[in-house]
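S.K.:
Given below as C-alpha cells:
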C-alpha cells in the first residue's frame, strides 16, 4: 500500500465555519506534510511533522491548525478562513523527514471558501 | 522539444519525440533534487531523483541531469507518449532545512 488518502476530496465552507481536512497513510512513514497549491502554481509547504511532533511551521496563519493524533493520521483544522485561502491542500508522507526519503502525495482536498 | 529559460509554462511535443524540461534551482546548499509529475486532479507523483554528488541519473525512459555550476536541472523524457501529458515540477531540498521546495512547473502537452 503506497497510498496517502485525503478526505474530503472537495469542501466548500463559509468564512465563519469550522472544518477539518484529514490525511491517512499506512506505510509506516514517520514524516507527514501539508502543502497548499493555488491554480497553476507549485505546491507551497505549510507544515512538517516528524515522529508526530511539529517540526516546521512556514509562518502559516493561525486560522490553520495542524494536528497529528498518531503516526498514521494528520489533520488540518480550519477556522475563519478567507476566500483567498481557496486552494488545493495536499498531504504527503515520507519514511523520514526530507531529504533522505521519497515523499508520497495524496490527491488533495479542493477547498473553496465562500 | 525543449523548455528554456527559468521556466516555460507550456512545452508542446509530438508523440514519439524526446522532451526536455528545464529548471533553475535557487539554493546552492540543496543536496537532493526531485522531479514530480502532476496530472489534472491528482497530487504530485515522484518520477526520479538525483543527489548533488551526481550529475546524471537514468530511469525508465527518463534521465535527470544536474549542473551545479549554473544551478540547473533538466528532465529528459524519451519517446514521449500521450500519457506523459501533465505538469512537471522540479523540487529541491537540503539537509540543513529539511524542506522540499518546488520550482515553477512546466506543462507538457503531447500531440498525437
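Chains as they are written, first to last, in our numbering: chain A, 1 to 114; chain B, 1001 to 1112. Even for Gly, the Cβ is constructed at its ideal location relative to N, Cα and C. All values derive from a computational prediction rather than experimental measurement.
Determine, for residue 1109 of chain B, whether the minimum Cβ-Cβ distance to residues of chain A falls below 9 Å.
M.R.: Along the second chain, read from residue 1 onward, the residue named residue 1109 of chain B stands at position 109. No, residue 1109 of chain B does not count as interfacial toward chain A.
S.K.: Would you mind stating whether residue 1079 of chain B and residue 1018 of chain B have Cβ atoms separated by less than 9 Å?
M.R.: Here residue 1079 of chain B is taken as the residue at index 79 of the second chain, counted from 1. Here residue 1018 of chain B is taken as the residue at index 18 of the second chain, counted from 1. Yes, these two residues count as a Cβ contact at 9 Å.
S.K.: Distance check for residue 1037 of chain B and residue 1045 of chain B, CA to CA, integer angstroms please.
M.R.: Locating residue 1045 of chain B in the second chain gives position 45, where the first residue counts as 1. Locating residue 1037 of chain B in the second chain gives position 37, where the first residue counts as 1. If you take the alpha carbons of residue 1045 of chain B and residue 1037 of chain B, they lie about 5 Å apart.
S.K.: Do the segment 80-90 of chain A and the segment 34-53 of chain A make contact, defined as three or more Cβ pairs closer than 8 Å?
M.R.: Judged by Cβ distances under 8 Å, the segment 80-90 of chain A makes contact with the segment 34-53 of chain A, as three or more pairs qualify.
S.K.: Buried or exposed: where does residue 1070 of chain B fall if 16 or more other Cβ atoms within 10 Å of its Cβ makes it buried?
M.R.: Walking along the second chain from the start, residue 1070 of chain B turns up at place 70. Exposed is the call here.
S.K.: DSSP has residue 66 of chain A in a bridge; who is on the other side?
M.R.: For the purposes of this step, residue 66 of chain A is taken as the residue at position 66 of the first chain. Residue 66 of chain A is bridged to A:76.
S.K.: Closer than 7 Å by C-beta to residue 90 of chain A: which residues in its own chain qualify, once you throw out the five before and the five after it? Chain order, please.
M.R.: Locating residue 90 of chain A in the first chain gives position 90, counting from the first residue. Cβ within range, chain order: 35, 37, 43, 105, 106, 108.
S.K.: Closer than 7 Å by beta-carbon distance: list the chain C residues that pair up with residue 106 of chain A, in chain order.
M.R.: No chain C appears in this structure, whose protein chains are A and B.
S.K.: With DSSP as the reference, label residue 84 of chain A as helix, strand or coil.
M.R.: One-based indexing of the first chain puts residue 84 of chain A at position 84. Reduced to three states, the DSSP call for residue 84 of chain A is helix.
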